[in-house]
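**Q**
Numbering (the numbering used here), first residue to last: 1 to 362.
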């Protein structure tokens, strides 16, 4: 049976088109996915991301536990509130999930994982935590609203009290903290500045309404997907999964090899991959002609070797078709993508495609 977030009634009132997403009834758009996309790039939009799974980890050895659990190193989280993006790997180096970890105190960390991987994530985390005497507490009573765009922070702070707004305004990028009744983080999934605001289910509808009154328009999952793809941000289950490692998913930068003695789960497998070589590259593609790039389209290099797109779309910001692709290392600067039986030329580019509303593609 599908679940509903605390904001379901608000979505219906705003004429949201509801679809099933990972077992949740969520809005795909409120009339125009394109308008919602541009709203975030040019002004401020908000997303109901309450389907995401919030988990609190507590105990004296929590940091030690996370250093074992994650490929990135929480030892880098020195200041309270600092956040870290990381992959959580299996022993073969495959990605169980990608997540954000917030350092609240030295014995209290908060993580946010994906809705579609909730059950396996919680089971995996619980098994690993037992050896460290860490308490794992899911927080299903907490909703989350992502307010994103160049004017997002100002609009969001306008609905807070003076003291709350001052504290929120002091947050540096990739920091989060408890402020009044909220946990506010300067993070997001769009390539724009903004906040992700965690609040109880009971308080979420009021906050949503106040944000709308402040000029923050609701946006659906459709715009969230085109925004994240333009920003070069992977989607779990589409761009990576348990059969792929961070090294072949454009996420090598999230693997902390130092200190060398830190034995995180999957490390031996990644070291073997790195030593063997021959890994595929994860690149951005821009279609040079007419057409739309989608996931699972064949990519051909000049040598005749093949790769595959993992996700693709028509970019509202660039007005061009773009994609992410896992390809042979020898791909060069040009390739061809098979679309409906025809091979069309595409250019290989470095991601992201868009940053802070501006194109990074010539």
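No residue lacks a Cβ here, since even glycine has one placed at the ideal position from N, Cα and C.
Considering just the uninterrupted stretch of the beta strand (DSSP E) at residue 86, what are its terminal residues?
**A** Residues 83–89.
**Q** Buried or exposed for residue 72, please, with buried defined as at least 16 other CB atoms from any protein chain shown within 10 angstroms of its CB.
**A** Residue 72 is buried by the Cβ-count criterion.
**Q** Using a Cβ-Cβ cutoff of less than 6 Å, which residues in the same chain neighbour residue 210 once the five nearest sequence positions on both sides are dropped?
**A** Counting only Cβ-Cβ distances below 6 Å, and skipping sequence neighbours, we find 159.
**Q** Residue 235 and residue 93: beta carbons closer than 8 Å?
**A** Not closer than 8 Å, so no.
**Q** Could you work out which residue in 121, 123, 243 and 149 is closest to residue 356 when comparing CA atoms only?
**A** The option with the nearest alpha carbon to residue 356 is 149.
**Q** Could you tell me how far apart the beta carbons of residue 230 and residue 353 are, in whole angstroms, since I believe they sit closer than 8 Å?
**A** The pair is a contact, with the Cβ atoms about 5 Å apart (cut-off 8 Å).
**Q** Which of helix, strand or coil does DSSP assign to residue 148?
**A** Reduced to three states, the DSSP call for residue 148 is strand.
**Q** Specify, as a first and last residue, the run of the alpha helix (DSSP H) that residue 31 falls within.
**A** Counting along the chain, residue 31 falls outside any alpha helix (DSSP H), and DSSP gives it neither H nor E.
**Q** Count the other C-beta atoms from every protein chain shown that fall within 10 angstroms of the C-beta of residue 97, then say buried if there are 16 or more, exposed otherwise.
**A** Counting Cβ neighbours within 10 Å, residue 97 comes out buried, since at least 16 surround it.
**Q** By alpha-carbon positions, which one of 35, 288 and 123 ends up nearest to residue 220?
**A** Of 35, 288 and 123, the residue nearest in Cα terms is 35.
**Q** Pull up the distance between the alpha-carbon of residue 153 and that of residue 195, whole angstroms please.
**A** If I take the Cα positions, the gap works out to 7 Å.
**Q** In the structure shown, what three-state DSSP assignment does residue 316 receive?
**A** Three-state result, residue 316: coil.
**Q** Along the chain, where does the alpha helix (DSSP H) that runs through residue 11 open and close?
**A** 8–13 is the span of the alpha helix (DSSP H), which, as asked, contains residue 11.
**Q** Taking residue 334 as the reference, which of 319, 310, 359 and 304 has the closest Cα?
**A** Residue 304 is the option with its Cα nearest to residue 334.
**Q** Under the DSSP definition of a beta bridge, which residues are partnered with residue 298?
**A** Beta-bridge pairing links residue 298 to 308.
**Q** Does DSSP put residue 92 in a helix, a strand or coil?
**A** In this structure, residue 92 counts as coil in the three-state DSSP scheme.
**Q** Would you please state the rounded distance, in angstroms, between the beta carbons of residue 321 and residue 291? I believe it to be under 8 Å.
**A** 6 Å between Cβ atoms; contact.
**Q** The alpha helix (DSSP H) spanning residue 126 covers which residue range?
**A** From DSSP, the alpha helix (DSSP H) with residue 126 extends over 118–129.
**Q** Quick check on this structure: which residue in 226, 4, 286 and 281 has the alpha carbon closest to the alpha carbon of residue 37?
**A** Selected option, being the one with the closest Cα: 226.
**Q** Based on the DSSP secondary-structure assignment, which residues constitute the bridge partners of residue 185?
**A** 176 and 196, per the DSSP bridge assignment.
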